[in-house]
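Reviewing the structure listed below.
Numbering (the numbering used here), first residue to last: 7 to 241.
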């Protein structure tokens, strides 16, 4: 401590910040505790019957009441996650003709990657996901509808889809934002993902399509969905 200045450092209970999340949400859903050690907070979940795999990360492992915008991805957690995801696929395709690249990998974390104020600071982690065949990422936090394309010029381009503002309270909503959420319709051959956007114009009112996505041919009007072409290659 210096005169006029106060410094704080994490103590042995710092990682217990997420214990309530584990006890009240994660454990009731999955029947196992959420790991409180940040290094173990990269979790892979595979569905061999549909060839989907989710790679989830905790982007708030450094966030607390004094540092509310300190979003980042723990590099060791990501390394462990990718190793476990590879192990899951190797086990799932053992004694089959399925190839690892025939799985669709989807990344999931909370904070956006294209927001200078509230977004993730160490964006270099995205490159590791790209080289690990993650094609689509789902994020939240900004409470507005958003879509981004990472490295659009590259064959391993990655599509980032914002979760919208479903469940956000008034103070957390961006100015003029409705309550919105996305529903993903994934083609069985993973050639395309149609992202349906739903809106709730009035609190507690009915939900309906959000007809604001541009028409593919550039004509007037809007659609309540947009398509992601996963077969597109750069020329």
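Every residue, glycine too, gets a C-beta built ideally from N, C-alpha and C.
For this session: Just the C-alpha distance for residue 18 and residue 50, rounded to the nearest angstrom, thanks.
Result: Between the C-alpha atoms of residue 18 and residue 50 there is a straight-line separation of about 27 angstroms.
For this session: Have a look at 220, 237, 235 and 62 and flag the residue whose alpha-carbon is nearest the alpha-carbon of residue 229.
Result: That would be 220, whose Cα lies nearest to the Cα of residue 229.
Problem set entry | residue 216: CB within 7 angstroms of a non-hydrogen atom of the ligand PLP | No copy of the ligand PLP appears in this structure; indeed no ligand is present at all.
For this session: Indicate the three-state DSSP secondary structure (helix, strand or coil) for residue 86 in the structure shown.
Result: Looking at residue 86 - three-state DSSP - the assignment turns out to be helix.
For this session: Following the continuous alpha helix (DSSP H) through residue 101, name the residue where it begins and the one where it ends.
Result: Looking at the DSSP string, residue 101 is not in any alpha helix (DSSP H), and its letter there is neither H nor E.
Exercise. If you draw a straight line from the alpha carbon of residue 87 to that of residue 97, how long is it in whole angstroms?
Worked result: Residue 87 and residue 97: Cα-Cα distance of roughly 15 angstroms.
Exercise. Between 23, 92 and 38, which lies nearest to residue 72 when the distance is taken from Cα to Cα?
Worked result: Residue 72 has its Cα closest to that of 23, out of 23, 92 and 38.
For this session: Give the range of the beta strand (DSSP E) segment to which residue 62 is assigned.
Result: 58-62 is the span of the beta strand (DSSP E), which, as asked, contains residue 62.
Exercise. Alpha carbon to alpha carbon, what distance is there between residue 231 and residue 141?
Worked result: Near 19 angstroms, if we compare the C-alpha coordinates of residue 231 and residue 141.
For this session: Report back the beta-carbon spacing between residue 234 and residue 198 to the nearest angstrom; my notes put them in contact at under 8 angstroms.
Result: The pair is a contact, with the Cβ atoms about 7 angstroms apart (cut-off 8 angstroms).
Exercise. So what's residue 92 in DSSP terms, helix, strand or just coil?
Worked result: If DSSP states are grouped into helix, strand and coil, residue 92 belongs with the helices.
Exercise. Count the other CB atoms within 10 Å of the CB of residue 83; is the residue buried (16 or more) or exposed (fewer)?
Worked result: With a 10 Å radius around the Cβ and a threshold of 16 neighbouring Cβ atoms, residue 83 comes out buried.
For this session: Would you check if the stretch 128-145 and the stretch 108-119 touch, i.e. whether three or more CB-CB distances between them fall below 8 angstroms?
Result: In short, these stretches touch, since the Cβ pair count reaches three.
For this session: Please classify residue 140: does DSSP put it in a helix, a strand, or coil?
Result: Taken through DSSP and simplified to helix, strand or coil, residue 140 comes out as strand.
Exercise. By DSSP, does residue 231 sit in helix, in strand, or in coil?
Worked result: Under the three-state reduction of DSSP output, residue 231 falls in the strand class.
Exercise. Got a sec, what are the start and stop residues for the alpha helix (DSSP H) residue 35 sits in?
Worked result: Here the alpha helix (DSSP H) through residue 35 covers 33-36.
For this session: Please report how far the alpha carbon of residue 37 lies from the alpha carbon of residue 27, in whole angstroms.
Result: In a straight line, the C-alpha of residue 37 is about 13 angstroms away from that of residue 27.
For this session: Could you tell me the distance, in whole angstroms, from the CA atom of residue 127 to the CA atom of residue 102?
Result: Roughly 40 angstroms separates the two Cα atoms.
Exercise. Between which two residues does the beta strand (DSSP E) carrying residue 236 extend?
Worked result: Neither: residue 236 is in no beta strand (DSSP E) and is coded neither H nor E.
For this session: Determine the closest residue to residue 109 out of 213, 85 and 61, with distance taken between C-alpha atoms.
Result: Minimum Cα distance to residue 109 is reached at 61.
Problem set entry | Expected contact under 8 angstroms - CB spacing of residue 169 and residue 146 to nearest Å | The Cβ separation is near 4 angstroms, so the contact holds.
Problem set entry | Three-state secondary structure assigned by DSSP to residue 159 | With a pLDDT of 45 at residue 159, under the threshold of 50, the predicted position of this residue should be treated as unreliable, though the coordinate-derived value follows. Correct three-state label for residue 159: coil.
Problem set entry | Distance CB(residue 190)-CB(residue 205) smaller than 8 angstroms | Contact flag unset, no.
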